[in-house]
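Enquirer: Just so we're aligned, residue 2 is where the sequence shown starts under our numbering, counting upward by one.
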Amino acid sequence: MGWWPFKRKSDSFENDPHVRSTKMWIQDLREVCERYFDDREAGQDGVKGIQVDWRKSHSEGELDDSQLNGLERRAKLLLDADDSDWKKALDDEEFWKAGWGSSMEG
Numbered sequence: 002m003g004w005w006p007f008k009r010k011s012d013s014f015e016n017d018p019h020v021r022s023t024k025m026w027i028q029d030l031r032e033v034c035e036r037y038f039d040d041r042e043a044g045q046d047g048v049k050g051i052q053v054d055w056r057k058s059h060s061e062g063e064l065d066d067s068q069l070n071g072l073e074r075r076a077k078l079l080l081d082a083d084d085s086d087w088k089k090a091l092d093d094e095e096f097w098k099a100g101w102g103s104s105m106e107g
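#1: Would A90 pass as a contact of A82 if the rule is Cβ separation under 8 Å?
#2: Under a Cβ-count criterion, where at least 16 other Cβ atoms within 10 Å of its own Cβ denotes burial, should V33 be classed as buried or exposed?
#3: What distance in whole Å lies between the Cβ atoms of R36 and G108, which are believed to be in contact at a cut-off of 8 Å?
#4: Counting only the same chain and skipping the five closest in sequence on each side, list residues whose C-beta sits under 8 Å from that of G50.
#5: Looking at C-alpha atoms only, which residue of W87, L69 and W101 is the closest neighbour of S22?
See below:
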C-alpha cells in the first residue's frame, strides 16, 4: 500500500554535517589572516597551514575542483602579497565573498 503516510523515508539522501562548505573555508581563512593583520609573514604561515587542510579535504572528495580553485586563488594572492597588498586584501569585502575571481584566468 503506497498511500500509507507513515512510511519511513529512504536513507539515500546523504547530508554529512562534517563536510565544510566553501563559505566556512573562506571564513576560516579570513580569521587566520585577520589574526595576523599586522604580521603578514605569520599570517602567510597560517594561510599555508589552512591550505594543507583544504587540499586534504579536496583529496577526500569533500571539496570539488571549482571550490578548491577559488580557495587556491585567494591563497596565491595572499601568499604573494607584500605588506601593502596584504592589508588591501584583508580590507576588500569582495575578496571574501564566494565566487570571487571566478572570471579570472588561472
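Ideal placement from N, C-alpha and C gives every residue a C-beta, glycine not left out.
Fair warning: this is a prediction, and the values are worked out from it, not measured in the lab.
Expert: So, from the listed chains and residues:
#1: yes
#2: buried
#3: One cannot answer for residue 108 here, as it falls past the ends of the chain, which runs 2 to 107.
#4: V33
#5: L69
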